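Asks:
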Amino acid sequence: MIKRFVVGNPLETEAILNKVQMSEEKIPYLSVTQQGFSYKLEPEDIVYGLGENVRGINKRGWIYESNCTDNPFHQEDTRSLYGAHNFLIVCGKERCFGVFLDTPANVTFDIGYTHFDEMKITLTQPDYELYVLECETPEEIVGEFRSLIGPSYLPPKWAFGFGQCRWSYFTAQEVREVARGHRENHIPIDMIYLDIDYMERYKDFTIDRETFPDFEELVEEMRQQGIRLVPIIDGGVKVEKGYDIYEEGVVNNYFCKDAEGNDFVVGVWPGKCHFPDMLNEKARRWFGRKYQFLLEKGIEGFWNDMNEPAIFYSENRLKKIFEQLETYKSTNLDVNTFFQFQDLVRSVANNPEDYRSFYHNFRGKKICHDKVHNLFGYYMTRSASEAFEELAPGKRILMFSRSSYIGMHRYSGVWMGDNRSWWSHLLMNLKMLPSLNMCGFLYTGADIGGFGSDATEDLVLRWLALGIFMPLMRNHSANGTRRQEAYLWDNMAAARGIIGLRYRLLPYIYSEFMKAALKNEMYGRPLGFEWPEDTIAVRTEDQMLIGESIMIAPVYEQNAAGRVVYLPEEMKMLRFSGTELAEEKVLEKGHHYLEIGLNEVVLFVKKGHILPLADGGECVDQVDWENLKLYHFAPQGADYELYDDDGVSAAAVLEGHIRLLKV
Ligand code: MIG
């Protein structure tokens, strides 16, 4: 049951694809307050959802904000990351309902923060659409919600391979070295990502011909080796006379404007930039078609960055700050003034005032950015994906974005942004997956090994052992941090084995992903979805179900020899040493301590289920889907629906693509 309420005069976000009739009833469950809603939480209530956020699968006990932010601090007290995903599910003994608040402005979700037993939702804008979904189980609510917001984005099959990224591989030579590092050492790989330095002075849709003189040949050479190059595109366009994108944007009024109607100047990577007005349909179409520059060079995938949009500085703010700094020159910086001084300089980036000082042309109306802030990344990414339909008709193009709003899940995936080489972020990667899946974002994953800070060998290995279950599997690290490519570690054999296992799992991972996408189901599910009556399972957040057949329980603590795993029912443990099965054992319901070596992956097959495994390969194209080995825990026999298709056609359907496997 879905109820829709419209309050005030909300802007159309196009998050919802299938609008239902407006309800005449009173809003159920939630009490309407002056700034939003409140709800009394019972002790056993669990609150699921909110997509990309820190903390648990159960969101209780913190306050979250939907305010897309370029925030490289993914800490316990972080309120907002790159996405705005205003969907949650309250699941209790007596009731289970979902809430979606469709508004592009800032929303706060206080889930038992101010008052331990109260959920408070605060809106900054009086106009919104509210959806309340009522079902028996959280899984059904997810299904209903996903049918409202429309089908999830489908990446090409090769995008389920392993990808290697670094900010940056600065030259074509370096890219070739990374390819060689994998190929010569037989570490499987399908993608090498290009970060901002492939561009000429950070200008979108350009190539630095000094460092990448033979870009087109490089693309082709990599393809010969089964590797796709995936370049980054940024949200800001460099201000530079003679640069075609800049000139066209100015002439056609395709950039966001300041209060006086001039093109708004912000500082991002290239220095001074303008933001393309992603909310203006014409500008959007124009910007999207620019991806052709790379498509025609043989590129088949992209990642969109800095589209919160991130602001290093605005011209006006810089001016003000410099002026104020003058006044500090002659002061003795004491405890008060020193921190003021420090904060002043820090306030230069992503300043809320800057987000209030530029404008969009949204459906013919001038609208201040802060009213539509959370839509920018969504509409940027949509601009590309809509253009792909014209530029590469019938073909799936890889696309994932940093910033997002619900609705964007139809056009692209998301990666989880600038995490760190911290053990806690390995666990956060696990917890974020199901929350994002609930909101329609299925193609997702975190930077394996951590983006910021220096990684260690054991962290990378443990993280790979989780990463092989993420739809988007990518190792990425920041400029200035320790290199963390798989072939650089002393225990390269372990990395090779774990990544190799991903390629053995590929038919399963792809099937489960595609079935989840085409049936509006979850890919990574919390244990509580499967065993809602099991009070231990519903509170276990360091394990997860991946697809219908298996549960995973990664090791996420340094120097741990293994971990405790909770089995809500009897299951069969499969222990892999690298790509090979090393042990198979039925374990009874309950807690078990399992030793798990750094080169091992342990997973658990549910009763009555099959896990099909391929022989593996060094790129997705090499994986043989015909001769599968069926591991199972099915004393009474079982079926498995294997999904397969050509992996590139855009119109994917279940019919005709399911092969029934039996034991
Ligand atoms: O502010 O392009 O999240 O993946 O490597 C840093 C450089 C800008 C942020 C992205 C990260 C990328 C980096 N970018």
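Everything in the sequence shown is counted per our numbering, starting at 367 for the first residue and increasing by one. Here a beta-carbon is modelled for each residue, glycine too, at the ideal position from N, C-alpha and C. Predicted, not measured: the structure shown is a model, and the values here were computed from it.
1) Can you tell me whether DSSP reads residue 642 as helix, strand or coil?
2) Which residues does DSSP list as the beta-bridge partners of residue 931?
3) Does DSSP classify residue 987 as helix, strand or coil?
4) Rounding to the nearest angstrom, what Cα-Cα distance links residue 637 and residue 834 in this structure?
5) How would you call residue 648, buried or exposed, if buried means at least 16 neighbouring beta carbons within 10 angstroms?
6) Give the straight-line distance between the Cα atoms of residue 783 and residue 446, rounded to the nearest whole angstrom.
7) Under a Cβ-count criterion, where at least 16 other Cβ atoms within 10 Å of its own Cβ denotes burial, should residue 813 be classed as buried or exposed?
8) Put residue 599 into one of helix, strand or coil per three-state DSSP.
9) Quick one: Cα of residue 614 to Cα of residue 628, how far?
10) At a threshold of 6 Å, does residue 665 count as lining the ligand MIG (C-beta to nearest heavy atom)?
11) Near residue 849, which residues of its chain fall below 8 Å by C-beta distance, leaving aside the five closest residues on each side in sequence?
12) Would you mind sorting residue 625 into buried or exposed? The rule is 16 or more other CB atoms within 10 Å of its CB.
13) Note down the Cα distance separating residue 916 from residue 892, rounded to an integer number of angstroms.
14) May I ask you to verify whether the stretch 800 to 820 touches the stretch 727 to 743, counting CB pairs closer than 8 Å and requiring at least 3?
15) Between the stretch 921 to 931 and the stretch 950 to 969, do at least 3 Cβ pairs fall closer than 8 Å?
16) To the nearest angstrom, report how far apart residue 603 and residue 536 are at their CA atoms.
17) Taking the alpha helix (DSSP H) that residue 789 belongs to, which residues open and close that run?
18) Indicate whether the contact test is met: 3 or more Cβ pairs, each with one atom in the stretch 520 to 529 and one in the stretch 999 to 1019, closer than 8 Å.
19) For residue 775 and residue 824, I'd like the C-alpha separation in whole angstroms.
20) Could you pull the DSSP bridge partners for residue 841 from this structure?
21) In three-state DSSP terms, what is residue 1031?
22) According to DSSP, simplified to helix, strand and coil, what is residue 511?
23) What residue range does the alpha helix (DSSP H) around residue 723 cover?
24) Under the three-state reduction of DSSP, which class applies to residue 778: helix, strand or coil?
25) For residue 545, I'd like the list of residues in its chain whose CB is within less than 7 Å of its CB, leaving aside the five on either flank, ordered along the chain.
26) Determine the contact status of residue 969 and residue 877, defining contact as a CB-CB distance below 7 Å.
27) Does the beta-carbon distance from residue 888 to residue 803 come in below 7 Å?
Replies: The structure says:
1) strand
2) 958
3) helix
4) Straight-line Cα distance between these residues: approximately 38 Å.
5) exposed
6) 12 Å
7) buried
8) In the structure shown, residue 599 sits in a strand (DSSP, three-state: E or B).
9) 15 Å
10) no
11) 532 and 843
12) exposed
13) 12 Å
14) no
15) Yes, the stretch 921 to 931 touches the stretch 950 to 969.
16) 21 Å
17) 789 to 804
18) Three or more Cβ pairs closer than 8 Å define a contact, and the stretch 520 to 529 meets that threshold against the stretch 999 to 1019.
19) 33 Å
20) 530 and 814
21) Past the boundaries of the shown model lies residue 1031; the chain is included only from 367 to 1029, so the question cannot be answered.
22) helix
23) Counting along the chain, residue 723 sits inside no alpha helix (DSSP H), nor does DSSP assign it H or E at all.
24) Annotated three-state conformation of residue 778 is coil, per DSSP.
25) 558, 588, 591 and 593
26) no
27) Contact: yes.
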